[in-house]
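Notes follow once the structure below has been shown.
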Ligand SMILES: Nc1ncnc2c1ncn2[C@@H]1O[C@H](COP(=O)(O)OP(=O)(O)O)[C@@H](O)[C@H]1O
Ligand SMILES: [Mg+2]
């Protein structure tokens, strides 16, 4: 186990002006277990508490309550030991705009105890791995978003840590850069590095991670592999648009092959384990009741359906 | 620890070497004062000779670079509280005080070099100063820079807002300048001004500088200035390091 957290909590006392403070319960009791060598994701909407959780695990802020061991060391009592064993790439990136990337890589290596030679060798290695060699000497402010992001990740890897934290590593990247970054994260795992990443993209968690937790309002609402979580909901989801949603829901709930029915304004989602075979039956009973469809679609269940099931909201709508 | 501090110092110095122009702008102000303001001060000294005027005026113009240069040193760090640079360094294996000490050391060095240039201009204009006094003056500038820069980083880390810090620095810089007798000795003024000046650490810096430039090495303002500036620098350093630890709280 490279990360073990129990009951992590963080309450901020945010200033509200005029000397008043407001209590913000950013994280309200999170348990986490991350295995060595896996890509683990924390998926959740903005403000769910992902960054705060990662910051506690990376020793940037102290938990209000709870304990966590990272790489075998306590994040509060043995913070210095934890820091020797992690790479941390914050949401903001942490790239110094005024200086060239190479200078930052060298400094990061030297402060971690590498000799001048070792730091240079490590920097060269990372520059090559992230295709940054050509632009290593340009002030970072002249780089594109994707290039800057690769530098920020390279900076987190200078010490070749057994564990890296990537806080929203692909936010703001175009699809091409995003796909490349996914490959780079997978390459990390292939070399034995454990990765904890946060994201608010469903497809990213689905495609990239081995296991994940879904976080909402500072708590873990679901945990598992992407496929096990989706299986819990159902194999397929039939989405219907029609008038008389409530009648339709009542009928469909009575059908044995329908696992669950959810309704929204003018919209009905029916969860079926075997959509291909269930769909004809489903259409027949709706027709028998004279319920006319406006549209229909059959899709594989996604992590959004998991999120919806546990929170009652769609992650796409969640603020 | 010294290794870590010198690593951060080296990083900052390499930046300066790539962009050497900006600190030169910093000395324009005091040099302009020396060129165009000092000649107006002939009547304020006993003999009215240029060397005497310069001995009175140069220390003040040097303190000016500390006030308007080093006090703004922390400005760049405000952005680093947001762009993740300090966040990254805070959880790196770096010895945390080195993050600030390296920068402060850079600011001290910059201030000393600026001081050498300003004194060089004053010497060309006719100032006469002995080598020991010259060196002690540089040391005095170094501790002034230590204090001003630490204060600036402390403010940056505590307030984290460009607007707030610049307003605050402006707010303090002007009265501190006037009450220190930066341009003219406060001894020319009324008693209440002289009393007020005794609460201004900058006053001792300027007076110590004037004693040095007069060649009066035994003057009590010199040890007082050093003790005061070093003491204040230590307090502000500890404060800024604490703010660094509480960056996200
Ligand atoms: N330093 C802070 N002071 C006050 N409130 C904070 C601070 N950091 C985060 N929060 C609040 O805590 C909650 C969780 O934030 P965060 O962990 O950044 O969420 P996420 O990364 O999932 O978007 C939000 O409501 C946010 O406003
Ligand atoms: Mg976040």
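Residue numbers (our numbering), protein chains in the order written: chain A, 1 to 319; chain B, 1001 to 1249. Ideal Cβ positions, reconstructed from N, Cα and C, are used throughout, including at glycine. Note that the structure is predicted; figures quoted are calculated from it, not measured.
Rounded separation between residue i and residue j - CA only
i	j	result
residue 250 of chain A	residue 242 of chain A	14 Å
residue 356 of chain A	residue 1231 of chain B	Only positions 1 to 319 of chain A appear in this structure, which leaves residue 356 of chain A out of reach.
residue 1187 of chain B	residue 93 of chain A	54 Å
residue 104 of chain A	residue 145 of chain A	17 Å
residue 240 of chain A	residue 295 of chain A	6 Å
residue 52 of chain A	residue 5 of chain A	13 Å
residue 259 of chain A	residue 1160 of chain B	53 Å
residue 1251 of chain B	residue 1051 of chain B	Because residue 1251 of chain B is not part of the residues shown, which for chain B are 1001 to 1249, the question remains open.
residue 234 of chain A	residue 282 of chain A	16 Å
residue 229 of chain A	residue 307 of chain A	10 Å
residue 23 of chain A	residue 11 of chain A	7 Å
residue 115 of chain A	residue 1163 of chain B	40 Å
residue 1010 of chain B	residue 1102 of chain B	8 Å
residue 63 of chain A	residue 1248 of chain B	12 Å
residue 269 of chain A	residue 77 of chain A	49 Å
residue 237 of chain A	residue 254 of chain A	17 Å
residue 1176 of chain B	residue 108 of chain A	39 Å
residue 177 of chain A	residue 1037 of chain B	59 Å
residue 66 of chain A	residue 167 of chain A	21 Å
residue 263 of chain A	residue 315 of chain A	16 Å
residue 1227 of chain B	residue 1220 of chain B	11 Å
Cβ-based neighbour list, residue i, same chain, cut-off 8 Å, excluding 5 preceding and 5 following
i	result
residue 1136 of chain B	1212, 1217, 1222
residue 1023 of chain B	1016, 1069, 1110, 1113, 1114
residue 132 of chain A	101, 126, 147, 150, 151, 154
residue 1133 of chain B	1212, 1213, 1215, 1217
residue 21 of chain A	13, 14, 15
Whole-Å CB distance - residue i paired with residue j, under 8 Å assumed
i	j	result
residue 220 of chain A	residue 30 of chain A	6 Å
residue 302 of chain A	residue 206 of chain A	7 Å
residue 267 of chain A	residue 298 of chain A	Not a contact, Cβ separation roughly 15 Å.
residue 199 of chain A	residue 32 of chain A	Not quite, the Cβ-Cβ distance comes to about 15 Å (not below 8 Å), so this is no contact.
residue 8 of chain A	residue 68 of chain A	6 Å
residue 1106 of chain B	residue 1012 of chain B	4 Å
residue 1265 of chain B	residue 1143 of chain B	Examination of residue 1265 of chain B is not possible in this model, given that chain B is present from 1001 through 1249 alone.
residue 1088 of chain B	residue 88 of chain A	6 Å
Local conformation of residue i per DSSP, three classes
i	result
residue 160 of chain A	coil
residue 281 of chain A	helix
residue 310 of chain A	helix
residue 40 of chain A	strand
residue 1199 of chain B	coil
residue 1005 of chain B	helix
residue 81 of chain A	helix
residue 88 of chain A	strand
residue 1084 of chain B	coil
residue 74 of chain A	strand
residue 257 of chain A	coil
residue 206 of chain A	helix
residue 221 of chain A	strand
residue 216 of chain A	strand
residue 26 of chain A	strand
residue 139 of chain A	strand
residue 211 of chain A	strand
Contact set for residue i: own chain, Cβ-Cβ below 7 Å, skip 5 residues either direction
i	result
residue 1150 of chain B	1104, 1233, 1236, 1237, 1240
residue 244 of chain A	291
residue 1062 of chain B	1030, 1115, 1118, 1141, 1209
residue 223 of chain A	213
residue 192 of chain A	37
residue 1122 of chain B	1034, 1054, 1058
residue 59 of chain A	75, 79, 82, 83
residue 157 of chain A	87, 126, 164
Paired residues, beta bridge with residue i - DSSP
i	result
residue 1090 of chain B	DSSP output for residue 1090 of chain B lists no bridge partner at all.
residue 5 of chain A	A:32, A:68
residue 296 of chain A	A:240
residue 197 of chain A	A:41, A:166
residue 1204 of chain B	According to DSSP, which records beta bridges pairwise, residue 1204 of chain B is partnered with nothing at all.
residue 267 of chain A	A:241, A:264
residue 14 of chain A	A:22
Contacting residues, own chain, Cβ-Cβ under 6 Å from residue i (five flanking each side not counted)
i	result
residue 1098 of chain B	1004, 1005, 1008
residue 1067 of chain B	1173
residue 225 of chain A	211
residue 48 of chain A	215, 216
residue 1203 of chain B	1180, 1197
residue 1071 of chain B	1148, 1152, 1169
residue 73 of chain A	81, 82
residue 97 of chain A	140, 141
Under 7 Å by beta carbon: chain D residues contacting residue i
i	result
residue 60 of chain A	This model lacks chain D altogether, as its protein chains are A and B.
### Query
Just the residues with CB closer than 6 Å to a heavy atom of ligand 4, in chain order, which are they?
With respect to small molecules bound, the structure shown includes ligand 1 and ligand 2 and not ligand 4.
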